[in-house]
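This report concerns only the one structure given below.
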Ligand SMILES: Cc1cc2nc3c(=O)[nH]c(=O)nc-3n(C[C@H](O)[C@H](O)[C@H](O)COP(=O)(O)OP(=O)(O)OC[C@H]3O[C@@H](n4cnc5c(N)ncnc54)[C@H](O)[C@@H]3O)c2cc1C
Ligand code: SF4
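Protein chains in written order, with UniProt numbering: chain A, 1 to 96; chain B, 1 to 435.
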């Protein structure tokens, strides 16, 4: 597929209450990521996952919509620690 | 709060939790409902089609003040290839009835309304409160919950888990296995705003009439999935979803897939000039009957998406959520009259009632469809839509080729595209899964 889409532009219209300094999703320290973890760099609908120059996968969950896809995909490998944000924080859908 | 006791605690304020909390509060039970979002609906995503029947059985007069967008008078089903679609449309004046059967809604507004009705019925609703644990006694019976507000244990005779597809509480308590990537779909959705008159012109509507379009075909890039366009009063809900396991194998991003759908030549003119005001993503449990976990135990019940109650073939979820929520509540009310201790054996009445209802009957009917699609996605969502669109074009183009020759070409294209064995095999497998 050729369509290049900037997810930041999509997330821009959303409302969030970010719990600064308390990310609700963490990638556990790893040397080599599993295929599932690497897949998150394109599967996450908010583009929260990226690969750094050492080939490890990192997450920045500010634009996260709490869908749980990364949680389900890495449930077997246990590479992602996933919690809901504290009550009231996170994404605030105006329409849903 | 640690000293307070409730007859029932409901975790979550989506349609399943709201139906449960409303029904129990209305019967005079002391109900506490906990919701992690700032307001009910702030975490929830739906297409959204509301099926009136399920809500009517909970709140018969809901039409008086519920935020309904349009009642559906026309259903379109499209099968796409890259340049065309073959469609089946059903439109009927009969759907312009006094009590319409299906409506489009906007979930954040709908959930807020439903929650107000829950409060009015007498339940205590606490938002911005994430339940963190189920608490059990030494025999393993669930006796209450803990939240991230601190304040210790909140006691209840029974806990209804209406926590949705990402049921962390039930998972962590070991009530239910983790979801499998091949049993959940990831859907992304945008809200496109347009003036009311423009929507009515583009979709041939007047007043509160609405159209819903369900789409399958090459837009999902060979993955098991569907797309949709629903008309609201002043907006269009536009979305696409595919199985998480398929997304993991494919290189595509969900937002590129959505963009590709929006740019399809049959879709683009419908969205022309719209303003996008939200981009949302959510999982849908689509594994079907075989993925329904245990839904009752000592002191607990599971309702809605948390129990995998979604009929993916018919795009039904919220109605099953409301129905399971209502049946769970009626079970609790009944058992309370019988002075039950809400043991697993007593709560089995919930399962039994569902087994006898349309909920489990429908879930059972389609139990083999997910497996059928899983092994056949490339054909069902790629090869066939292509072949059918090409056949339609060949048939409608007037180009001096004799009709009998056109028929021959069409049949040959199917045999070449899928092979005679493949065609017969697919038809057979589908018929068996559908039964
Ligand atoms: C894109 C999309 C389109 C859909 N279209 C349709 C459609 O057209 N028609 C239809 O009938 N269905 C549709 N569905 C399915 C439908 O949305 C769901 O089946 C329905 O929302 C399930 O309701 P629920 O109450 O079980 O779960 P949810 O609506 O997910 O509600 C769960 C609630 O629990 C809360 N919660 C979770 N964990 C906790 C916790 N630990 N503490 C406190 N609160 C918690 C959440 O914040 C949430 O409010 C669609 C789904 C999607 C994603
Ligand atoms: S929950 Fe969904 S949106 Fe959030 S990081 Fe995971 S995949 Fe991305």
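Glycine included, every Cβ here is placed at the ideal spot set by N, Cα and C.
- At a cut-off of 8 angstroms between beta-carbon atoms, residue 45 of chain A makes contact with chain B.
- Taken in chain order, the complete beta strand (DSSP E) segments of 3 or more residues contained in the stretch 164-231 of chain B are 184-193, 209-217, 225-231.
- Counting the other CB atoms within 10 Å of its CB gives residue 150 of chain B a total below 16, which places it among the exposed residues.
- For residue 254 of chain B, the closest C-alpha among the options B/232, B/231, B/223, B/230 is that of B/223.
- Judged by DSSP in its simplified three-state form, residue 136 of chain B adopts strand.
- According to the DSSP assignment, residue 42 of chain A belongs to the alpha helix (DSSP H) that extends over 35-43.
- For residue 168 of chain B, a Cβ of chain A is located within less than 8 angstroms of the residue's own Cβ.
- From the listed residues A/8, A/76, A/29, the smallest Cα separation to residue 46 of chain A is found for A/8.
- Under the Cβ criterion of 8 angstroms, residue 30 of chain A is not counted among the residues facing chain B.
- Here the alpha carbons of residue 80 of chain A and residue 74 of chain A stand approximately 6 angstroms from one another.
- For a Cβ distance threshold of 8 angstroms, residue set 166 of chain B lies close to residue 71 of chain A, ordered along the chain.
- Put simply, the CB of residue 42 of chain A is near chain B, with a gap under 8 angstroms to one of its CB atoms.
- Residue range 107-120 is occupied by the alpha helix (DSSP H) that includes residue 116 of chain B.
- Secondary structure note for residue 242 of chain B: its beta strand (DSSP E) is the uninterrupted segment 235-243.
- The alpha-carbon of residue 182 of chain B is positioned some 15 angstroms away from that of residue 220 of chain B.
- Relative to ligand 1, the beta carbon of residue 69 of chain A is positioned no closer than 7 angstroms to any heavy atom.
- DSSP places residue 65 of chain A outside both helix and strand once states are collapsed to three, so it counts as coil.
- Of all residues in the stretch 37-52 of chain B, only 38, 41, 42, 43, 44, 45, 46 come within less than 7 angstroms of chain A when Cβ atoms are compared, listed by chain position.
- Think of a sphere of 7 angstroms around the beta carbon of residue 188 of chain B: the chain A residues whose beta carbon falls inside it are 45, in chain order.
- Taking the Cα positions, residue 162 of chain B is about 35 angstroms away from residue 91 of chain B.
- Here DSSP, grouped into helix, strand and coil, assigns residue 23 of chain B to helix.
- A distance criterion of 7 angstroms places the beta-carbon of residue 220 of chain B beyond contact range of ligand 1, judged by its closest non-hydrogen atom.
- For the pair residue 237 of chain B and residue 47 of chain B, the CB atoms are nearer than the 8 angstroms cut-off.
- One thing to note: residue 158 of chain B has its Cβ within 8 angstroms of the Cβ of residue 8 of chain B.
- Where residue 282 of chain B is concerned, the enclosing beta strand (DSSP E) starts and stops at 275-285.
- Counting other Cβ atoms within 10 Å of its Cβ, residue 354 of chain B reaches 16 or more and is therefore classed as buried.
- Using a CB distance cut-off of 8 angstroms, residue 106 of chain B counts as an interface residue toward chain A.
- In the pairwise beta carbon analysis, the stretch 63-74 of chain B is classified as touching the stretch 203-218 of chain B: at least three pairs are separated by under 8 angstroms.
- Within chain B, the residues 43, 166 have their CB atoms less than 8 angstroms from the CB of residue 66 of chain A, given in chain order.
- For residue 278 of chain B, the nearest CB of chain A lies under 8 angstroms from its own CB, placing it at the interface with that chain.
- Residue 188 of chain B and residue 112 of chain B have their C-alpha atoms roughly 22 angstroms apart.
- Under the three-state reduction of DSSP output, residue 353 of chain B falls in the helix class.
- Neighbourhood of residue 399 of chain B in chain A, by CB distance below 7 angstroms: empty, with the nearest CB roughly 31 angstroms away.
- Fewer than three Cβ pairs drawn from the stretch 100-108 of chain B and the stretch 122-137 of chain B lie within less than 8 angstroms of each other, which leaves the two stretches out of contact.
- Per the DSSP secondary-structure output, residue 388 of chain B pairs with nothing in a beta bridge.
- Around residue 39 of chain A, the beta-carbon contacts reaching into chain B at under 7 angstroms are 248.
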